[in-house]
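A.B. asks: Got a structure for you, questions after.
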Amino acid sequence: MESTSTTTAIELVANSSPSPGWTLRHANLNDDKPQPFTTIDTVADHVLVASREVDSTAPEGGYGWVIVGGGFVLLWWSLGTTYAWGVMQTALVADGLADPAVLSFVGSLQAALISALAIVNLLVVRKTGVRAAAMLGAACMGGSEILSSFTVKNVGALFFTSGVVMGLGVSLIFAVISTVPSQYFSSKRGLANGFMFAGSGFGGAAISFALDSLIHKLGVAWAYRILGLMTLSTGLPAAWLMKERIPVERRGFIEWKLFKSPTFVLVFIGSAIGTFPLFVPPFFIPLYTRSLGFSTNVGAGLVAGFSLSSAAGRILSGFASDKVGSINTVLASLVLTAATMLAIWPTSTALAPLIVFVVINGAANGAFFSTMPTAISKVFGSARVAVAMSMVVTGWVGGYLMGAPIAGYILESFGGADGGLHAYRPAMFYAGALALASGIFILGARFCIDRSPLALV
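Counting in the working numbering, the sequence shown runs from -12 upward without gaps.
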């Protein structure tokens, strides 16, 4: 098979070999030559033709950079706050509200609703438009944090305010952010997504330091109130900047025929498994450093470093996905995630190796999140990115909801939050093994598209 510089869609064509069946080949949607689409039980249909037309008229900038800027701010407060949950969790554990296994569910619920409500949010975006959906999301996020300031002594109420309401806002923001940039960018799509998703990394770093300082000076309740006011004052204007370049698609919410593509199935399963380990480091590093005798400032600093590295990884992966292929980039991120969790974190009892871990693992973590929308849009077509992405993200609900709490329960079974390296090591191996399993599925998808090891997929 021939490799191309950018894999933008999948087409199924008859095998040239004598054996019956179908094989996968690249379809570069920017190529002027017509592509031989078929309609017999394939994922290559009129949607991919529409994708080619949309991509050919993408301005590669213009108002698209305003979208990137607004999305940067929204991701700063949405996923950035989720990344910083470990700082708040450590403070609440110290206050005796609940143990880490229970409180990690609150942060996990914020992320899990991205998946659980993916298809519902697609309906909201279609009915209201991206601007109204983004503003509703920003309002939910800021409002939830203000409400949470009154629930810091009641874990059940905190589940609703900081888990459910915050999750509603984060999920709406993610639904808008993961689809709109593809309307403005084609050849620079990876770079645009990388810069935009870097907002969550920078936000996670800044919010981690800010929360640690505010909690020490003013307490958890006022830290929540200030965070909520800042989210509303900057998030709502950023949400107002969101605007479609073309009308939001009105087709069905699920394209079942995508599951006839082995590539889609492998990406779906691989990415679903890959979400289990991703929030384990930022949620548990503050507790782990405290168990080693470091101050809470060190834990907050490491989470901030993790988030900054995540931001760098998102930007670098944007360049990489445009140059070497988005699927290759996702695969590389999962390999790095697995390697750091299996080899570096379990041997880290001093600050220096912990810093190495958070830098590499944070970059790989960010690369996964920012590259997935690019991979979905380029491999399955930008005109179906909203539907395809909502389907893929729905599969992430188990990992988002249970990934970190499972690590918490493993931790409790082997000695608890103050048990040192011995107590944490089984949870580290659990997370690393799942990252490795995820990478195997993505590797399978990569070779379904092109069996050449040097192909830019």
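Cβ atoms here follow ideal geometry from the backbone N, Cα and C, with glycine treated the same way.
(1) From this set, 375, 96, 441, 334, which residue's C-alpha is nearest residue 412's C-alpha?
(2) Touching or not, the region 238 to 257 and the region 149 to 162, by the rule of three or more beta carbon pairs under 8 Å?
(3) Pull up the CB-CB distance for residue 122 and residue 226, whole angstroms please, since I reckon it's below 8 Å.
(4) In the DSSP assignment, find the unbroken alpha helix (DSSP H) run with residue 406 in it and report its ends.
(5) Quick one: using the 10 Å Cβ neighbour count with 16 as the cut-off for buried, is residue 357 buried or exposed?
(6) Are the region 68 to 83 and the region 268 to 279 touching by the rule of at least three beta carbon pairs closer than 8 Å?
(7) Under DSSP, the alpha helix (DSSP H) around residue 399 begins and ends at which residues?
(8) Please determine if the region 367 to 380 and the region 92 to 107 are in contact, where contact requires at least 3 C-beta pairs separated by less than 8 Å.
(9) Which of the three DSSP states, helix, strand or coil, is assigned to residue 71?
(10) Who are the Cβ neighbours of residue 285 in its own chain at under 6 Å, not counting the five residues just before and after it?
(11) Looking at the unbroken alpha helix (DSSP H) that takes in residue 50, where does it start and where does it end?
(12) For residue 216 and residue 100, I'd like the C-alpha separation in whole angstroms.
(13) If you check the beta carbons only, do residue 386 and residue 349 fall under 8 Å apart?
(14) Starting from residue 199, follow the alpha helix (DSSP H) in both directions and report where the run begins and ends.
(15) If you compare alpha carbons, which of 376, 224, 131, 242 is closest to residue 213?
(16) Under 7 Å Cβ to Cβ from residue 262, same chain only, skipping five residues before and after it: list those, please.
(17) Consult DSSP for residue 442 and reduce its assignment to one of helix, strand or coil.
(18) Residues in the same chain with beta-carbon distance under 6 Å from residue 431, minus the five sequence neighbours each way, listed in chain order, please.
(19) Do you know offhand how far residue 260's Cα is from residue 428's?
(20) Taking only the alpha-carbon atoms, compute the straight-line gap between residue 355 and residue 373 and give it to the nearest angstrom.
(21) On the premise that residue 410 lies in contact with residue 398, defined as a C-beta separation below 8 Å, what is that separation, rounded to the nearest angstrom?
(22) Among residues of its own chain, excluding the 5 on either side of residue 124, which ones have a beta-carbon nearer than 6 Å to its beta-carbon?
(23) Under 7 Å: does the beta carbon of residue 145 sit that close to some heavy atom of the ligand NAP?
(24) With the cut-off set at 8 Å, would you say residue 483 and residue 207 are in Cβ contact?
(25) Closer than 7 Å by C-beta to residue 433: which residues in its own chain qualify, once you throw out the five before and the five after it? Chain order, please.
(26) Looking at the secondary structure, which residues open and close the alpha helix (DSSP H) in which residue 85 lies?
(27) Mapping DSSP to helix, strand and coil, what is residue 19?
(28) Report buried or exposed for residue 16, applying the criterion of at least 16 other Cβ atoms within 10 angstroms of its Cβ.
(29) Report yes if the C-beta distance between residue 188 and residue 278 is below 8 Å; otherwise report no.
(30) Looking at the structure shown, is residue 159 part of a helix, part of a strand, or coil, going by DSSP?
(31) What separation, rounded to the nearest whole angstrom, lies between the Cα atoms of residue 250 and residue 134?
(32) Between 248, 229, 139, which lies nearest to residue 202 when the distance is taken from Cα to Cα?
(33) Threshold first: 4 residues or longer. Then list the alpha helix (DSSP H) segments lying entirely within the region 100 to 140, N to C.
(34) Is the beta carbon of residue 190 less than 8 Å from the beta carbon of residue 63?
(35) Below 8 Å between beta carbons: does that hold for residue 53 and residue 117?
(36) Given this structure, state the Cα-to-Cα distance separating residue 210 from residue 49, to the nearest angstrom.
C.D. replies: Once the coordinates are examined:
(1) 334
(2) no
(3) 4 Å
(4) Taken as a continuous stretch (DSSP letters only), residue 406 belongs to no alpha helix (DSSP H), as it is neither H nor E.
(5) buried
(6) yes
(7) 384 to 400
(8) yes
(9) coil
(10) 276
(11) 50 to 64
(12) 23 Å
(13) no
(14) 176 to 205
(15) 131
(16) 383, 386, 387, 390
(17) coil
(18) 253
(19) 9 Å
(20) 18 Å
(21) 6 Å
(22) 156, 159, 160
(23) Ligands are entirely absent from the displayed structure, and the ligand NAP is therefore not among its contents.
(24) With the chain running from -12 to 444 in the structure shown, residue 483 is simply not present.
(25) 314, 315, 318, 444
(26) Neither: residue 85 is in no alpha helix (DSSP H) and is coded neither H nor E.
(27) Bear in mind that a pLDDT of 39 at residue 19, under 50, signals an unreliable position, so the number given afterwards is only what the model happens to contain. Coil.
(28) Model confidence at residue 16 stands at a pLDDT of 38, short of 50, so the residue's coordinates are unreliable; what they give is reported in the following sentence. Classification of residue 16: buried, given that the 10 Å Cβ count is 16 or more.
(29) no
(30) helix
(31) 43 Å
(32) 139
(33) 105 to 115, 117 to 135
(34) yes
(35) no
(36) 38 Å
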